[in-house]
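Below is one structure, written out as structure tokens, with a few remarks after it.
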Amino acid sequence: NMQLVLILCVVAGAFAARDCPANSHYNSCGTACPITCENHLNPPKACVLMCNPGCHCDEGYVKTKDGQCVRPSECSSRNAVCGENQEYQTCGTACPLTCKNYDNPPKICNLMCVIGCQCKKGYVRTDDGKCVLPENCPNRAAEVNSCLMESDTGMCRGYFPMFHYDAKTGQCKEFIYGGCGGNGNRFATEEECLKKCSSIRIHEAKAAVCDEPIERGLCLAFMHRYAYDKKTGACKKFVYGGCGKNGNNFKTLEECNQTCVA
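Read in order, the letters of the sequence shown correspond to residues -16 to -1, 1 to 246 in mature numbering (1 follows the signal peptide of the UniProt record, and there is no 0).
The following block contains the structure:
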């Protein structure tokens, strides 16, 4: 009787093995948590200790949704659910661009393929894992606006050599800061200035500045300036108080038109 049972088990196993698809084998006590295209980048850390008899992928292969066993690099985009502005890659970079590093990308990166969802070309990853255009990074609008402001010595009379970004020339220039007030276009070193502002593209800079409200400012001086009015789609004259301005503040009508209308 024992011999008969053994023969039946061997025969059953042989038939099961013969029926398994390519790159797989029959296992009478296989894992209950197989590695798949969906989870191979983050395999289950805990698994039920029970036998799962049936066809299981050979070592080095993972299971697709339709039960086939393939190399991880062969997992197609239909087996990976990628978020908005992302795409599945079988050999993506190990050093993706992010909101924090895209204006100063890593100069050294491991030469290795990373399989999984990565941002599409032109997009960068945020801290919460989303892929967005660089100009839509959190706090990016504030950076753009400050980089387009004119240098401002402030209200005090100290003497502190600093740097500001000149959006017209694309260069960082030295100026004297008084020690209080001023605006965000002020950097301790030329290197810091270039790192923050040199990557700002013309189209995003224009959009950021021209969308700013027209502000008189906090002081009571009487200066004629020009600003872009979104309602009319044209530049108009207004009175600026002398401090507390934003980027939508131009000394001449020509400068305003070149930035926001042209």
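A virtual CB, placed ideally from N, CA and C, is assigned to each residue, including glycine.
The model shown is predicted, which means the values in this text are computed figures rather than measured ones.
Contact annotation: the stretch 33 to 50 touches the stretch 17 to 24, with at least three C-beta pairs closer than 8 Å. Considering only C140, D3, M146 and K229, the residue with the shortest C-alpha distance to C164 is C140. Here DSSP, grouped into helix, strand and coil, assigns T20 to strand. Taking C-beta atoms as the reference points, C177 and Y143 fail to come closer than 7 Å. Apart from the 5 residues on each side of it in sequence, G67 sits with its Cβ closer than 8 Å to the Cβ of C101, G113, K114 and C115 in its chain, given in chain order.
A residue is called buried once 16 or more other Cβ atoms fall within 10 Å of its Cβ, and M133 is buried on that count. Rounded to whole angstroms, the separation of the alpha carbons of C156 and G168 is 14 Å. Taking the C-beta atoms as reference points, C41 is found nearer than 7 Å to S8.
When DSSP states are grouped into helix, strand and coil, K180 belongs to the helix group.
With a threshold of 16 other beta carbon atoms within 10 Å, T153 falls short and is exposed. For T74, same chain residues with a beta-carbon under 6 Å away, outside a window of 5 residues either side, are S57 and I99 in chain order.
If the five residues before and after D136 are omitted, its C-beta is found closer than 6 Å to the C-beta atoms of G166 and N167, all from its own chain and listed in chain order. CA-to-CA, the gap between Q70 and Y45 works out to about 25 Å. Distances from the alpha-carbon of C13 to those of R170, K229, L33 and R200 put L33 closest. In its chain, beyond the 5 residues on either side, H40 have a beta carbon closer than 6 Å to the beta carbon of N11. C83 is not a Cβ neighbour of V54, given a cutoff of 7 Å. With at least 16 other beta carbons inside 10 angstroms of its own, C131 counts as buried. Counting only residues of its own chain and dropping the five nearest sequence neighbours on each side, P37 has a CB closer than 6 Å to the CB of S12. Here M96 is exposed. Its C-beta has fewer than 16 other C-beta atoms within 10 Å.
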